[in-house]
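Counting from 5, one number per residue, gives the positions in the sequence shown under the numbering used here.
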Amino acid sequence: MPRKQLVLLGASAGWMLPTDWLAQFEEVHAWDIDPLAAPLFRWRHGRHLPQQGTRLHLHTGDGLAQLTACTRDMPEAFFWFDNLLGQLRFTDESLNAVSHRLQSLSTTLQHVAWGSVHDRLSGRTLPGTAMPVSRQGLAGVAMETHEGQAWLQQLGAVSPWLDHLTEKVLPAGTPVQHTAWPFKPGYAHWLEMGWCPPRITRP
Ligand SMILES: C[S@@+](CC[C@H](N)C(=O)[O-])C[C@H]1O[C@@H](n2cnc3c(N)ncnc32)[C@H](O)[C@@H]1O
Numbered sequence: 005m006p007r008k009q010l011v012l013l014g015a016s017a018g019w020m021l022p023t024d025w026l027a028q029f030e031e032v033h034a035w036d037i038d039p040l041a042a043p044l045f046r047w048r049h050g051r052h053l054p055q056q057g058t059r060l061h062l063h064t065g066d067g068l069a070q071l072t073a074c075t076r077d078m079p080e081a082f083f084w085f086d087n088l089l090g091q092l093r094f095t096d097e098s099l100n101a102v103s104h105r106l107q108s109l110s111t112t113l114q115h116v117a118w119g120s121v122h123d124r125l126s127g128r129t130l131p132g133t134a135m136p137v138s139r140q141g142l143a144g145v146a147m148e149t150h151e152g153q154a155w156l157q158q159l160g161a162v163s164p165w166l167d168h169l170t171e172k173v174l175p176a177g178t179p180v181q182h183t184a185w186p187f188k189p190g191y192a193h194w195l196e197m198g199w200c201p202p203r204i205t206r207p
């Protein structure tokens, strides 16, 4: 994984990322559309990152709209979607349009290293289900496959579960970690996380 620049999309206050992980990078560009995110991110990480030699740039706005420009300006950066992509289905766009947008990301990003942690599915669980430990797999597991069903069974999933439309976000075959997140009692999310190196060199 490149360690020079990090472009963090859907950063919020950076609750999910330890300062020491962020400090691996020489420069962090954190994007969030919520105006409260930048001050909270600065409060949480802003003092320690410069002390560890990491320059911090906080951007308020639509990071997805800036993606092409960012990959052009920072081709050596690592682009990380921090629990953002699984939320797009809740926007005003049609589900078809969101699916299409999510699937086209890997083309937009094919010249850079990038990764994502996102919801795959979420829903009710059988009372008293102990969440399973994370497991390794490959991106692109469809929920109707034997592997997908076995994992949902381990989560204690009670049908129907909500599809976050992220099955095809990461290029098929990317090594990923599948994780169970007990969101609240009786309700869990299937999270997928993984990253891939640049797949083609920039012309
Ligand atoms: C589930 S939260 C991510 C949590 C965050 N990574 C953390 O550590 O707490 C999703 C975040 O994405 C932001 N967001 C949604 N659409 C966005 C966009 N187009 N560009 C940048 N940020 C966006 C939201 O404001 C929200 O803070």
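Even glycine gets a Cβ: it sits at the ideal position worked out from N, Cα and C.
In the displayed model, Thr64 falls within a strand according to three-state DSSP.
In this structure, the C-beta of Ile204 stays at least 7 Å away from each heavy atom of ligand 1. Rounded to whole angstroms, the gap between the alpha carbons of Asp24 and Glu31 is 13 Å. Boundaries of the beta strand (DSSP E) around Gly127: 117 to 128. Residue state for Arg139 is assigned as strand, using DSSP reduced to three classes. For Arg59, the secondary structure class from DSSP, reduced to helix, strand or coil, is strand. Membership of Glu151 in the alpha helix (DSSP H) is indicated by the continuous run 150 to 158. When rounded, the separation of the alpha-carbon atoms in His115 and Trp194 is 28 Å. Straight-line spacing of the CA atoms in Gly65 and Gln56 works out to 27 Å. Considering only Leu169, Leu109, Asp123, Met20, the residue with the shortest C-alpha distance to Leu71 is Leu109. Looking at the DSSP output, Met197 shares a beta bridge with Val121, Gln181.
In the three-state DSSP reduction, Leu106 falls in the helix class (H, G or I).
Met78 and Gly160 have their C-alpha atoms spaced approximately 42 Å apart. Asp36 sits in a strand when the DSSP states are folded into three classes.
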